[in-house]
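In my numbering, the protein residues as written are 384 to 733.
One structure is given below, encoded as structure tokens.
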């Protein structure tokens with residue numbers, strides 16, 4: 384034992400630190416400062432932990448950290464960055480919005496996924512806004528940057544939220560980040576949208592951008608703001624391409640006693656069908672059919688000829704179905720081939 388050792392008494396309670404040694408006697412000072420003489424043989428040394436050298440501690444710490452990092456790298460290998468794939472160039476400049484129902488057979492309760500399609504070689508800075516017919520101010524739906532040749536998910540909406548899309552506004556600014564480019568002017572449109580179309584199954588069809596049925600709202604077609612026809616109204620700058628106009632209902636002038644003739648070919652009803660889906664064209668043809676039937680239904684004994692063409696018989700079948708449901712007192716038969724050719728139906732009012 385030596386001065387400075389911490390000891391406890393072998394045959395008594397207590398202990399302390401040896402402050403001096405005289406012969407076989409040790410003087411032990413307790414925590415209160417009292418010094419007690421005790422035979423060295425009656426003292427038991429208490430071992431105290433040694434503080435490790437700081438440099439040794441640091442070395443062990445570094446070694447431990449390196450070991451941890453090594454183990455971590457083995458457990459969680461860092462994936463290498465995949466090489467950039469060459470992007471396929473777009474053939475034109477087209478932008479549209481897509482509504483995709485999550486449950487196509489339950490449109491009344493199905494949530495809808497809302498997308499913006501950028502079919503161009505430009506990066507598009509976009510802002511999509513909406514408002515219902517009762518609001519005077521707009522709400523932001525989504526904004527961001529759509530990469531070239533990409534689809535941007537804008538959100539998911541329940542059927543109870545769709546009224547907010549009764550009016551849609553889009554603002555676009557196009558740039559290229561990896562090469563020089565032709566500067567395009569900012570583009571914008573405001574469009575009134577019939578939200579009831581989202582509840583009609585025939586309004587959803589697969590497109591070039593989707594293999595599942597979707598409802599498409601064109602925004603830019605071949606580099607120009609798209610102007611909707613009969614189902615929407617677009618407010619856009621005057622310099623943009625004018626919208627296709629509906630023609631007046633074609634009805635050939637008939638001699639006294641002869642039936643009225645109405646040509647339902649789309650080319651006779653519309654100046655242009657650009658951007659229209661087949662279901663939308665059919666809907667307008669049936670709208671004209673209903674309008675003429677309501678006029679003539681008040682004249683028992685009269686008849687009318689509808690020219691619908693041969694084709695695949697879609698329009699003819701739709702007309703006959705409509706007759707059975709809405710005009711049961713009317714009789715339909717094929718019109719004279721010699722007078723009207725193939726694809727004409729004569730309807731007589733009883």
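From the three backbone atoms N, C-alpha and C, an ideal C-beta is built for every residue, glycine too.
In this text the structure is predicted, and so the values were computed from the model without any measurement.
- Message: Could you tell me the alpha carbon to alpha carbon distance between residue 486 and residue 529, rounded to whole angstroms?
- Response: One-based indexing of the chain shown puts residue 486 at position 103. One-based indexing of the chain shown puts residue 529 at position 146. So the alpha carbons of these two residues sit roughly 26 angstroms apart.
- Item | residue 608, buried or exposed, once every other Cβ within 10 Å from all chains shown has been counted against 16 | For the purposes of this step, residue 608 is taken as residue 225 along the chain shown, with counting starting at 1. By the 10 Å Cβ count, residue 608 comes out buried.
- Three-state secondary structure assigned by DSSP to residue 422: For the purposes of this step, residue 422 is taken as the residue at position 39 of the chain shown. Three-state result, residue 422: strand.
- Item | 3-residue-minimum beta strand (DSSP E) runs that sit fully inside the region 474-538, ordered along the chain | 477-484, 495-502, 506-514, 522-529
- Task: Along the beta strand (DSSP E) that carries residue 649, what are the first and last residues, could you check?
- Result: Taking the chain shown and counting its residues from 1, the one referred to as residue 649 is at position 266. Counting along the chain, residue 649 falls outside any beta strand (DSSP E), though it belongs to the alpha helix (DSSP H) covering 649-652.
- So, is residue 730 buried or exposed, given that buried needs 16 or more other C-beta atoms within 10 angstroms? The residue given as residue 730 occupies position 347 in the chain shown. Residue 730 comes out buried.
- Option nearest residue 479 by Cα separation, candidates 491, 430, 536, 410: Residue numbering aside, residue 479 sits at position 96 when the chain shown is read from its first letter. Residue 479 has its Cα closest to that of 536, out of 491, 430, 536, 410.
- Taking the continuous beta strand (DSSP E) assigned at residue 729, which residues delimit it? Counting from one through the chain shown, the residue named residue 729 turns up at place 346. First-last of the beta strand (DSSP E) with residue 729: 727-732.
- Task: Kindly indicate which residue of 429, 414, 430, 395 has the alpha-carbon position closest to the one of residue 422.
- Result: As a working note, residue 422 is residue 39 in the chain shown. For residue 422, the nearest C-alpha among the options comes from 395.
- Through-space distance from residue 589 to residue 545, alpha-carbon basis: Position 162 of the chain shown, counted from the first residue, corresponds to residue 545. Position 206 of the chain shown, counted from the first residue, corresponds to residue 589. When rounded, the distance between both Cα atoms is 21 angstroms.
- Who are residue 540's beta bridge partners in DSSP? Against the chain shown, residue 540 aligns to sequence position 157. DSSP, once it has assigned bridges, lists 495 as partnering residue 540.
- Rounded Cβ spacing between residue 550 and residue 573 (contact assumed at less than 8 angstroms): As a working note, residue 550 is residue 167 in the chain shown. As a working note, residue 573 is residue 190 in the chain shown. That pair is a contact at about 7 angstroms.
- Item | Residue burial classification, residue 564 (beta-carbon count within 10 angstroms, cutoff 16) | The sequence position of residue 564 within the chain shown is 181, counting from 1. Exposed: under 16 other Cβ atoms inside 10 Å.
- Would you please state the rounded distance, in angstroms, between the beta carbons of residue 483 and residue 597? I believe it to be under 8 angstroms. Here the question's residue 483 lines up with position 100 in the chain shown. Here the question's residue 597 lines up with position 214 in the chain shown. Residue 483 to residue 597, Cβ: 5 angstroms. Contact.
- Could you spell out where the beta strand (DSSP E) holding residue 571 opens and where it closes? By 1-based counting over the chain shown, the position of residue 571 is 188. Per DSSP, residue 571 belongs to the beta strand (DSSP E) from 570-575.
- Message: Strictly under 7 angstroms for the Cβ-Cβ distance: is residue 690 near chain C by that measure?
- Response: Among the chains in the structure shown there is no chain C, since it carries only a single protein chain.
- What do you reckon, are the CB atoms on residue 728 and residue 689 nearer than 7 angstroms? Taking the chain shown and counting its residues from 1, the one referred to as residue 728 is at position 345. Taking the chain shown and counting its residues from 1, the one referred to as residue 689 is at position 306. Yes, the pair counts as a contact, with Cβ atoms nearer than the cut-off.
- Query: For the beta strand (DSSP E) that contains residue 597, what are its first and last residues?
  - Reply: One-based indexing of the chain shown puts residue 597 at position 214. Run containing residue 597: 593-604, per the beta strand (DSSP E) assignment.
- In the structure shown, what three-state DSSP assignment does residue 546 receive? The residue given as residue 546 occupies position 163 in the chain shown. Note: residue 546 maps to helix in three-state DSSP.
- Query: For residue 719, does the count of other Cβ atoms within 10 angstroms reach 16, so buried, or fall short, so exposed?
  - Reply: The residue you call residue 719 lines up with position 336 of the chain shown. Looking at its Cβ environment, which holds fewer than 16 other Cβ atoms inside 10 Å, residue 719 is exposed.
- For residue 392 and residue 427, the rounded distance between their alpha carbons: Your numbering for residue 427 matches position 44 in the chain shown. Your numbering for residue 392 matches position 9 in the chain shown. Near 6 angstroms, if we compare the C-alpha coordinates of residue 392 and residue 427.
- Query: From the DSSP output, which residues share a beta bridge with residue 607?
  - Reply: Counting from 1 along the chain shown, the entry for residue 607 is found at position 224. Partner(s): 604.
- What are the boundary residues of the alpha helix (DSSP H) that includes residue 705? For this step, residue 705 is matched to residue 322 along the chain shown. Residues 697-709.
- Option in 595, 599, 524, 509 with minimal Cα separation from residue 555: The count along the chain shown starts at 1 and reaches residue 555 at position 172. Per the Cα distances, 509.
- Message: By the three-class DSSP mapping on this structure, what secondary structure does residue 383 have?
- Response: This structure gives no information on residue 383, because the portion of the chain shown stretches from 384 to 733.
- Does DSSP put residue 555 in a helix, in a strand, or in coil? Residue numbering aside, residue 555 sits at position 172 when the chain shown is read from its first letter. Strand, per DSSP.
- Item | Within 7 angstroms, strictly: CB atoms of residue 577 and residue 539 | Here the question's residue 577 lines up with position 194 in the chain shown. Here the question's residue 539 lines up with position 156 in the chain shown. No, the pair does not count as a contact, with Cβ atoms beyond the cut-off.
- Answer yes or no: do residue 506 and residue 558 have a C-beta to C-beta separation smaller than 7 angstroms? On the chain shown, position 123 is the one that residue 506 refers to. On the chain shown, position 175 is the one that residue 558 refers to. A contact, by the Cβ cut-off of 7 angstroms.
- Query: Alpha carbon to alpha carbon, how far is residue 674 from residue 561?
  - Reply: Position 291 of the chain shown, counted from the start, is the residue given in the question as residue 674. Position 178 of the chain shown, counted from the start, is the residue given in the question as residue 561. Approximately 55 angstroms, taken between the alpha carbons.
- Task: Would you mind reading off the limits of the beta strand (DSSP E) that contains residue 641?
- Result: The residue you call residue 641 lines up with position 258 of the chain shown. That residue, residue 641, is in no beta strand (DSSP E); it is neither H nor E in DSSP.
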